[in-house]
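If you read the protein sequences in the order shown, they are chains A and B. So in my numbering the end of the first sequence lands on 691, straight run, no missing numbers. So in my numbering the end of the second sequence lands on 447, straight run, no missing numbers. Quick reminder that beta carbons are idealized off the backbone N, C-alpha and C, glycines included. Just so we're clear, the structure is a prediction, and the values are computed from it rather than from any experiment. Read the structure below first, then the notes.
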Amino acid sequence: MIKLPSEEKMTTPDANVEKEKGSLSRRGFLGLLGKGAACAGVLVGAGSAMGSPAAAGGKRGFQQNDEQYAESVNNPPKVPDYNWNDHQWAMGVDTDRCIGCLRCMEACKMENSVQMDAFHYRTWVERYVYLEGSNTAIVDSQADPKNIENTGSETKFRFDNRYRNVKVEKAFFVPKLCNQCEHPSCVQVCPTGATFKSKDGPVLIDTTYCIGCQYCVQACPYGARSFNESRGTVDKCNWCYHRITKGLNPACVEVCPTGTRIFGDRNDPESPISLFIRNNHVQVLKPEMGNAPNVFYKGTDKEVV
Amino acid sequence: MPKHIVRLLVLIAVVAIVAIAAKKILTADTFYQYGHYRGNAVAEIASKVPKLQGSASCQSCHKEVYAEWAVGIHRKSTKNGVVQGVVIKYGPNCEVCHTGPAGNHPSKEAMPLSVEDKVTTITHLEHKVHPANVPGRNLMLSPEDMRGICLNCHEKLEARPKEQRQVAVDSHSGKEPCTTCHNPHSPRVNFAALPRPPVDPNTGKAIPVSAVEAGKAGDANAGKSVAAACTACHGEAGVSVNPAWPNLAGQHANYLADSLRAFKSGVRKNDMMSPMAAGLSDADMRDVAAYFAKTSCSVTGGDKAKAGQGKAKAAAAGCAACHNAGGLRGTGAAGISASQASSGGYYQTPPMHDTGAAGISASQAWPNLAGQHAGYLASALKSFKDGSRNHAVMSSVANTLSDSDIDDLSAYYASVSCK
Numbered sequence: 387m388i389k390l391p392s393e394e395k396m397t398t399p400d401a402n403v404e405k406e407k408g409s410l411s412r413r414g415f416l417g418l419l420g421k422g423a424a425c426a427g428v429l430v431g432a433g434s435a436m437g438s439p440a441a442a443g444g445k446r447g448f449q450q451n452d453e454q455y456a457e458s459v460n461n462p463p464k465v466p467d468y469n470w471n472d473h474q475w476a477m478g479v480d481t482d483r484c485i486g487c488l489r490c491m492e493a494c495k496m497e498n499s500v501q502m503d504a505f506h507y508r509t510w511v512e513r514y515v516y517l518e519g520s521n522t523a524i525v526d527s528q529a530d531p532k533n534i535e536n537t538g539s540e541t542k543f544r545f546d547n548r549y550r551n552v553k554v555e556k557a558f559f560v561p562k563l564c565n566q567c568e569h570p571s572c573v574q575v576c577p578t579g580a581t582f583k584s585k586d587g588p589v590l591i592d593t594t595y596c597i598g599c600q601y602c603v604q605a606c607p608y609g610a611r612s613f614n615e616s617r618g619t620v621d622k623c624n625w626c627y628h629r630i631t632k633g634l635n636p637a638c639v640e641v642c643p644t645g646t647r648i649f650g651d652r653n654d655p656e657s658p659i660s661l662f663i664r665n666n667h668v669q670v671l672k673p674e675m676g677n678a679p680n681v682f683y684k685g686t687d688k689e690v691v
Numbered sequence: 029m030p031k032h033i034v035r036l037l038v039l040i041a042v043v044a045i046v047a048i049a050a051k052k053i054l055t056a057d058t059f060y061q062y063g064h065y066r067g068n069a070v071a072e073i074a075s076k077v078p079k080l081q082g083s084a085s086c087q088s089c090h091k092e093v094y095a096e097w098a099v100g101i102h103r104k105s106t107k108n109g110v111v112q113g114v115v116i117k118y119g120p121n122c123e124v125c126h127t128g129p130a131g132n133h134p135s136k137e138a139m140p141l142s143v144e145d146k147v148t149t150i151t152h153l154e155h156k157v158h159p160a161n162v163p164g165r166n167l168m169l170s171p172e173d174m175r176g177i178c179l180n181c182h183e184k185l186e187a188r189p190k191e192q193r194q195v196a197v198d199s200h201s202g203k204e205p206c207t208t209c210h211n212p213h214s215p216r217v218n219f220a221a222l223p224r225p226p227v228d229p230n231t232g233k234a235i236p237v238s239a240v241e242a243g244k245a246g247d248a249n250a251g252k253s254v255a256a257a258c259t260a261c262h263g264e265a266g267v268s269v270n271p272a273w274p275n276l277a278g279q280h281a282n283y284l285a286d287s288l289r290a291f292k293s294g295v296r297k298n299d300m301m302s303p304m305a306a307g308l309s310d311a312d313m314r315d316v317a318a319y320f321a322k323t324s325c326s327v328t329g330g331d332k333a334k335a336g337q338g339k340a341k342a343a344a345a346g347c348a349a350c351h352n353a354g355g356l357r358g359t360g361a362a363g364i365s366a367s368q369a370s371s372g373g374y375y376q377t378p379p380m381h382d383t384g385a386a387g388i389s390a391s392q393a394w395p396n397l398a399g400q401h402a403g404y405l406a407s408a409l410k411s412f413k414d415g416s417r418n419h420a421v422m423s424s425v426a427n428t429l430s431d432s433d434i435d436d437l438s439a440y441y442a443s444v445s446c447k
């Protein structure tokens with residue numbers, strides 16, 4: 387430890403002794419504390435291992451303790467004719483089929499009262515275009531100024547025909563939405579518990595608890611969240627939770643004219659999504675983020691993230 | 029214990045009690061029920077009312093349109109029972125194009141749908157909701173809107189899968205609206221069917237021809253004096269003396285007037301007609317058109333052998349789609365121009381093979397071909413083919429025809445009855 391000359395001057399020999407004693411006892415105290423914590427940790431760990439839900443055959447939810455897990459199993463939310471223990475929702479996207487008509491986006495906006503402009507959305511579609519001789523994709527979406535100009539309105543959504551006279555090597559559309567991750571970074575950062583992972587899959591937003599701090603918007607690696615200025619809360623896709631709990635498909639799946647979007651219950655081995663995942667080579671976006679998404683893509687290219 | 033310590037302890041105790049009480053009171057009962065969130069929020073989010081209702085809900089009131097859609101290619105793209113291509117698997121349901129009609133169903137006031145009165149008492153399943161109409165977001169507003177809606181999926185874009193049916197708009201239809209040839213509910217062109225009649229965007233009902241024409245009908249009597257200049261070539265009764273010149277008798281008045289305007293403006297060019305039309309006022313054109321529309325036509329005949337081949341070709345090449353009466357609206361009565369019988373019959377199921385009155389056009393804007401001179405018909409088709417005459421639909425159709433096809437078709441239409 388380097389001491390400044392001024393300090394050296396001020397310390398008396400007595401004080402030095404005192405300090406020596408003090409630091410010794412502090413070290414001892416810290417050591418004791420550490421040992422105690424370790425013991426407690428072992429005890430707690432043993433305790434939780436004994437009562438662990440894995441033993442009961444279930445899967446504990448994200449950031450859920452045993453008591454809360456037991457509660458979610460034994461006393462599920464009172465949704466009529468629906469038990470969240472029986473379902474594990476997931477979505478598939480077959481990008482080979484997408485025609486970029488953006489009907490999903492418009493239906494979503496109608497269904498969920500999302501602001502009717504090109505910049506607020508719960509789901510959206512991106513166009514990836516590789517020009518001839520180029521290795522990088524040009525990406526645009528409905529929010530691109532040229533596309534807005536083409537429709538002449540921010541409330542109508544359509545891709546323009548800008549590549550009509552250009553040689554294109556390959557091009558495709560990729561629909562995107564919230565991935566309803568198993569380990570959602572947005573939930574992790576929410577300070578108020580306004581966003582959370584429900585037991586049946588979707589990550590939901592409790593708008594009454596959202597304070598609009600937008601930490602979650604920044605935390606999401608997929609850019610799936612947006613801020614609704616008029617309500618002052620964050621908005622994102624929840625797979626139309628009000629529809630799927632009534633046995634309906636999400637709005638985007640309902641209107642997709644080509645069957646690009648596949649939705650269903652992974653607990654049912656014959657559901658569309660189970661068949662889709664079983665019969666196709668699927669991947670998730672940004673697997674390296676460790677979020678474990680629940681939206682499975684077929685046919686996406688290396689540049690799609 | 030010293031007093032100040034006691035005070036301090038009391039203060040700490042009070043603060044602690046207040047803090048604990050505040051946490052108890054302010055934390056929602058169900059906050060830690062399932063995790064670090066309000067447990068009740070799950071049921072609250074799930075209790076929202078769905079807006080999109082699906083086609084089955086539309087069917088409860090819009091039975092006729094539903095029936096049209098249910099058998100069409102927009103329901104499911106199948107051919108001989110096999111699903112075609114990778115793209116259309118399910119087929120768009122009503123709400124793909126009529127974005128959110130149940131959730132955004134126009135109120136009775138905003139859109140007097142009342143094809144049937146029951147529409148006005150609509151309750152949309154058990155939810156008993158009928159959300160207010162959002163201004164400016166009605167269903168189909170105008171033919172231009174319709175075009176945009178079709179192009180959302182069918183405009184030729186580089187990124188679209190090849191299996192999706194796509195058109196380069198300019199060469200496909202020019203400025204003609206998609207609905208001229210396609211019924212959006214069942215868009216595969218049925219060449220035996222008629223194009224759709226003009227439809228009132230607010231009511232969805234076919235507009236009676238009388239209403240379309242009312243504002244601009246010509247006066248046949250006044251037209252008789254103007255027609256004096258025409259009769260030298262086109263005949264006193266509208267039957268021309270030279271097979272290279274068209275008969276005018278019984279022709280649609282709108283088509284005749286449009287043709288005269290086209291000659292006057294230079295869109296169409298003809299050494300004889302252009303100067304004739306140049307001297308006519310708009311009223312003259314309407315009057316003379318009305319005069320010839322009233323005269324009765326006569327069959328000029330055509331090569332019988334060629335006519336037989338031409339009949340098959342007329343169906344295959346798509347001529348019948350526009351130039352035959354009957355079809356989509358199933359009127360089919362010989363001699364009745366479909367547009368004259370348009371109101372009321374619109375929602376009848378299309379008879380697939382009843383071509384109706386051949387050569388009698390569906391729209392007042394398109395010419396009747398029945399009983400026309402074969403020579404004139406052939407020269408008209410050839411001029412579309414070589415580009416000396418232009419029309420978005422006719423030019424592309426004529427390009428598919430060989431010279432012998434043209435002869436056959438001309439003979440066929442010349443031979444059918446124009447009555």
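{"query": "Where A/Ala476 and B/Val77 are concerned, what is the direct C-alpha to C-alpha distance, given to the nearest angstrom?", "result": "22 Å"}
{"query": "Excluding the five sequence neighbours on either side, which residues of its own chain have a C-beta within less than 8 Å of the C-beta of B/Ser194, listed in chain order?", "result": "Rather than Ser, the amino acid found at residue 194 of chain B in this sequence is Gln. If we look at B/Gln194 and ignore the five residues flanking it on each side, its Cβ neighbours are His182, Glu183, Lys184, Leu185, Arg188."}
{"query": "Determine which residues of the region 550-571 of chain A have a Cβ less than 7 Å from any Cβ of chain B, and write them out in chain order.", "result": "Val554, Ala557, Phe558, Phe559"}
{"query": "Answer yes if the region 404-416 of chain B comes into contact with the region 265-284 of chain B, meaning at least three C-beta pairs across the two stretches below 8 Å, and no otherwise.", "result": "yes"}
{"query": "Let me check understanding here. Comparing Cα to Cα, which of A/Pro673, A/Ile648, A/Val641, A/Thr686 lies closest to B/Gly82?", "result": "A/Val641"}
{"query": "Distance, Cα to Cα, B/Met422 vs A/Cys487?", "result": "30 Å"}
{"query": "Is the shortest distance between the beta-carbon of B/Cys206 and the beta-carbons of chain A less than 8 Å?", "result": "no"}
{"query": "For the ligand ATP, I want to know if A/His667 counts as a neighbour, meaning its beta carbon is within less than 7 Å of at least one of the ligand's heavy atoms.", "result": "Among the components of this structure there are no ligands whatsoever, and the ligand ATP is therefore not found."}
{"query": "Mind checking who A/Ile648 pairs with in its DSSP beta bridge?", "result": "A/Gly478"}
{"query": "Under 8 Å between the Cβ atoms of A/Glu492 and B/Lys79?", "result": "no"}
{"query": "Can you tell me the Cα-Cα spacing of A/Arg446 and A/Met675, whole angstroms?", "result": "21 Å"}
{"query": "Output the distance between the C-alpha atoms of A/Val430 and A/Asp452, rounded to the nearest integer angstrom.", "result": "Caution applies to A/Val430, whose pLDDT of 49 falls short of 50 and renders its modelled position unreliable; the model cannot decide the point."}
{"query": "With the cut-off set at 8 Å, would you say B/Ala317 and B/Ala281 are in Cβ contact?", "result": "yes"}
{"query": "Does B/His90 have its Cβ less than 8 Å from a Cβ in chain A?", "result": "no"}
{"query": "Taking one C-beta from the region 457-468 of chain A and one from the region 560-575 of chain A each time, how about it: are there three or more such pairs within less than 8 Å?", "result": "no"}
{"query": "With DSSP as the reference, label B/Tyr65 as helix, strand or coil.", "result": "coil"}
{"query": "At 8 Å on the CB atoms, spell out the chain A contacts of B/Asn396, in chain order.", "result": "Residues of chain A passing the Cβ test: none, with the nearest at roughly 38 Å."}
{"query": "Rounded to the nearest angstrom, what separates B/Pro229 and A/Ala678 at their Cα positions?", "result": "Note that B/Pro229 scores a pLDDT of 49, beneath 50, so its modelled location is shaky and nothing firm can be said."}
{"query": "If I measure Cβ to Cβ from A/Gly650 and keep anything under 6 Å in the same chain, skipping five residues before and after, which residues do I get?", "result": "Ser657, Pro658, Ile659"}
{"query": "Starting from the C-beta of B/Cys446, find all residues in its chain whose C-beta is less than 7 Å away, skip the five residues before and the five after it, and write them out in chain order.", "result": "Gly278, Cys325, Val327, Gly387, Asn396, Ala398, Gly399"}
{"query": "If you compare alpha carbons, which of A/Thr619, A/Thr581, A/Lys532, A/Val552 is closest to A/Gly519?", "result": "A/Val552"}
{"query": "Quick one: list the residues of chain B neighbouring A/Asp472, beta-carbon separation under 7 Å, in chain order.", "result": "The contacting residues do not exist; A/Asp472 stays about 14 Å from chain B at best."}
{"query": "What does a CB cutoff of less than 7 Å around B/Gly263 pick up in its chain, not counting 5 residues either side in sequence?", "result": "Val269"}
{"query": "Alpha carbons only, please: which of A/Trp625, A/Leu634, A/Val511, A/Asp687 is nearest the one belonging to A/Asn533?", "result": "A/Val511"}
{"query": "Are the C-beta atoms of B/Ala98 and some chain A residue less than 8 Å apart?", "result": "no"}
{"query": "Check whether chain A comes within 8 Å of B/Lys322, counting only Cβ atoms and requiring the distance to be less than that.", "result": "no"}
{"query": "Assuming contact is defined by CB atoms lying nearer than 8 Å, are A/Gly609 and A/Asn680 in contact in what I supplied?", "result": "no"}
{"query": "For a contact defined as C-beta to C-beta under 8 Å, what are the partners of A/Lys464 on chain C?", "result": "No chain C is present in this structure, whose protein chains are A and B."}
{"query": "Sort B/Arg216, B/Tyr319, B/Gln61, B/Ala265 by Cα distance to B/Lys22 and report the nearest one.", "result": "Outside the displayed range of chain B (29 to 447) lies residue 22 of chain B, so it cannot be described from this structure."}
{"query": "Going by Cα to Cα distance, which pick from B/Asp315, B/Gly307, B/Arg216, B/Leu288 is closest to B/Ala248?", "result": "B/Asp315"}
{"query": "Whose C-alpha, out of A/Gln604, A/Leu563, A/Phe662, is nearest the C-alpha of A/Cys626?", "result": "A/Leu563"}
{"query": "At a Cβ threshold of 8 Å, is A/Tyr683 touching chain B?", "result": "no"}
{"query": "Of all Cβ atoms in chain B, is any one closer than 8 Å to the Cβ of A/Gln454?", "result": "yes"}
{"query": "I'd like to confirm the pairing. Which residues does DSSP put opposite A/Val589 in its beta bridges?", "result": "A/Lys583"}
{"query": "Hey, could you find the ends of the alpha helix (DSSP H) B/Lys31 is sitting in?", "result": "31-54"}
{"query": "For B/Val425 and B/Pro303, I'd like the C-alpha separation in whole angstroms.", "result": "29 Å"}
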